[in-house]
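Read in the numbering used here, the sequence shown has 209 at position 209, and its numbers run on one by one without any break. This report concerns only the one structure given below.
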Amino acid sequence: MSALQSPSATQSLRGAAADLLRDLPSDAAFALRTSAASLLALYLAMSLHLDTPRWAAWTVLTVSVPSLDHAFVKSFYRMIGTIMGAAAGIVIVALFAQRPLAFDLAMALWAGACAFVGTRVRQYQTYALALTWLTTGIVSYGSVADPNGAFIVAANRTAEVALGILCAGGAAILFDGHRAATLVHAASPVPGQARRNGVRAALAVMLASMFWYVSQWQDGPFFVLMSGAAALLFAAHPSKVTATLGMLRGFLLGTLLGLFVRFALFTRSASFGEEALVLLPFLMLGGIGLADSRTQSSATGYNLAFILAVDPANTLSFDLGAALNEAMAMIFGVLVSIGAFLVLVPIRDLLHRDGA
């Protein structure tokens, strides 16, 4: 009898199915209020004519957790990380925008520093450090061609995040959460991990930056951005490669569904209400994934990729070639981070959950 057919395996599958069915009503309620808050943030960002409304919507998805207390703590650290990252982005652009190699080195070292400190702290402080570098990347790569516009990019990014946090917080207050104990948090730091994680993140960003520098790839900034973001998001995770692979699976699904919605379901004449009805079930899919600790890493990748691929805005873009290039750049970026995890981890450590 194979392992899949053994009584213990069958019982485990039945237990997992029973857990899923038991939690589905509360998970669906969480997903509905999270999706509604995300759509509200998107609507407000579009009404205020912010540059990239998708970041407001994604902020709701990334700070929302099924526990009211945890949602507020995560939102607080998200805001701190955003402010720090925006400030760092302005400084790096001001100092190095005209020197590409120095700019790339500065971004790599900053990624390493964020990963190093992020591994030494715990829980949502680790998350804040990851978002610090992500925000720095969005500001820096978004304004390196026009350094004078760095402050405007940073201000818009901070406003979009703040708007998303307010919408997520309001939804959490109105509809209190559940099952806080099931959420996954960063484990206590393992000796030697912080230095290794810092080197990994710096290497991932530097390698991606060098490829961008040599190839002059138009979507190189997205490639570098995701290389660092994926390496930092799971820097303190007890099973980094597994978590990042989960994120990659979610990223692939989110990209496919996002492109399908954008090019098959959206129309140029659709109202926001019509677009919201189209987006709602896809957003809820990601919300249900966030509510279960077993699928959180995949849901993280799905939500980010879906929002980026759909790219909701006041004026929709239907350039399929550009959308595919952007999607491929970000997917390859996640692959670079996985490669950095594998290359810099001794084989013996891969056999142990806490060794990576």
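No residue lacks a Cβ here, since even glycine has one placed at the ideal position from N, Cα and C. Everything numeric in this text was worked out from a predicted model, so none of it was measured.
Item to check | Whole-angstrom distance between Y43 and S317, CA atom to CA atom | outcome: If I take the Cα positions, the gap works out to 17 Å.
Item to check | L207 versus L248: straight-line alpha-carbon distance, rounded | outcome: Taking the straight line from one Cα to the other gives about 19 Å.
Next on the checklist: To test your reading of the DSSP string, which unbroken alpha helix (DSSP H) runs of 4 or more residues are found completely within the segment 265 to 332?
Outcome noted: At a cut-off of 4 residues, the continuous stretches assigned as alpha helix (DSSP H) that sit fully inside the segment 265 to 332 are 272 to 291, 296 to 310.
Item to check | Nearest-angstrom Cα separation, counted from S26 out to S143 | outcome: As the crow flies, the alpha-carbon of S143 is around 42 Å from that of S26.
Checklist entry - Among the residues of its own chain, which have a CB less than 6 Å from the CB of V310, if the five just before and after it don't count? => result The beta carbon of V310 sits closer than 6 Å to the beta carbons of G258, V261, R262 from its chain, once the five residues preceding and following it are set aside; these are given in chain order.
Checklist entry - Is it true that the CB of V161 sits closer than 7 Å to the CB of T59? => result Yes.
Checklist entry - Nearest to L225 by alpha carbon, out of A323, R33, Y141? => result Comparing Cα-Cα distances from L225 to each of A323, R33, Y141, the minimum goes to Y141.
Item to check | DSSP state of F223 mapped onto helix, strand, coil | outcome: Reduced to three states, the DSSP call for F223 is helix.
Item to check | Neighbourhood of L40 by C-beta, 7 Å cutoff - its chain only, sequence neighbours within 5 removed | outcome: Closer than 7 Å at Cβ, skipping near neighbours: C167.
Next on the checklist: Mapping the DSSP letters down to three states, classify R78 as helix, strand or coil.
Outcome noted: Correct three-state label for R78: helix.
Item to check | CA nearest to the CA of T232, picked from R268, A57, A115, A28 | outcome: In the sequence on display, residue 232 carries Leu and not Thr. L232 has its Cα closest to that of A115, out of R268, A57, A115, A28.
Checklist entry - Which ranges does the alpha helix (DSSP H) cover as unbroken runs of at least 4 residues, wholly within the segment 115 to 140, from first to last along the chain? => result Correct list: empty.
Checklist entry - In whole angstroms, what separates the C-alpha of V65 from that of A230? => result V65 and A230: Cα-Cα distance of roughly 20 Å.
Checklist entry - So, using beta-carbon positions, are A243 and R33 closer together than 7 Å? => result No.
Item to check | Cutoff 7 Å; reference G286; Cβ partners in own chain excluding five residues on either side | outcome: So the list reads L61, A299, Y302, N303, F306, once near-sequence residues are dropped.
Checklist entry - Assuming L378 and M330 make a contact with CB atoms under 8 Å, what is their CB distance in whole Å? => result Nothing can be reported for residue 378, as the shown portion of the chain is limited to 1 through 356.
Checklist entry - Does DSSP put F72 in a helix, a strand or coil? => result Here F72 sits in helix by DSSP.
Next on the checklist: How far does the alpha helix (DSSP H) with S215 in it extend, from its first residue to its last?
Outcome noted: Element bounds for S215: 193 to 215.
Next on the checklist: Looking only at its chain, what residues have a beta carbon closer than 7 Å to the beta carbon of A45, apart from the 5 residues adjacent to it on each side?
Outcome noted: Counting only residues of its own chain and dropping the five nearest sequence neighbours on each side, A45 has a CB closer than 7 Å to the CB of P53, A56, E160, L163.
Next on the checklist: Suppose contacts are defined by Cβ-Cβ distances below 7 Å. Is G333 in contact with F223 by that definition?
Outcome noted: Yes.
Checklist entry - Can you tell which of L335, V343, A37 has the C-alpha that lies nearest to the C-alpha of L375? => result Because the chain spans 1 through 356 in this model, residue 375 falls outside it and cannot be assessed.
Checklist entry - How many Å lie between G289 and Q296 at the Cα? => result Approximately 6 Å between the Cα atoms of the pair.
Checklist entry - With 16 as the cutoff for other CB atoms within 10 Å, does D292 come out buried or exposed? => result Burial call: buried.
Next on the checklist: Going by DSSP in three states, R157 sits in which element: helix, strand or coil?
Outcome noted: Here R157 carries a helix assignment [DSSP, helix/strand/coil].
Item to check | Where D104 sits in the DSSP three-state scheme | outcome: When secondary structure is reduced to three states using DSSP, D104 falls in the helix class.
Next on the checklist: Determine whether the beta carbon atoms of A204 and S337 lie at a separation below 7 Å.
Outcome noted: Yes, these two residues count as a Cβ contact at 7 Å.
Item to check | Residues near S209 in its chain [Cβ-Cβ closer than 6 Å; skip 5 each side] | outcome: Around S209: D104, V224.
Checklist entry - For T82, does the count of other Cβ atoms within 10 angstroms reach 16, so buried, or fall short, so exposed? => result With 16 or more Cβ atoms within 10 Å of its Cβ, T82 is classed as buried.
Next on the checklist: Helix, strand or coil, according to DSSP, for S38 in the structure here?
Outcome noted: In the structure shown, S38 sits in a helix (DSSP, three-state: H, G or I).
Checklist entry - Is it the case that the Cβ atoms of G228 and A111 are separated by a distance below 7 Å? => result Against a cut-off of 7 Å, the Cβ pair of A111 and G228 comes out as a contact.
Checklist entry - Between L283, N314, A145, A340, which lies nearest to A28 when the distance is taken from Cα to Cα? => result Nearest to A28 by C-alpha distance, out of L283, N314, A145, A340, is L283.
Item to check | Presumed contact (8 Å Cβ cut-off) between A147 and A94, rounded CB distance | outcome: Note that residue 147 is Pro in the sequence shown here, rather than Ala. Contact annotation, P147 with A94: C-beta distance approximately 7 Å; criterion of less than 8 Å satisfied.
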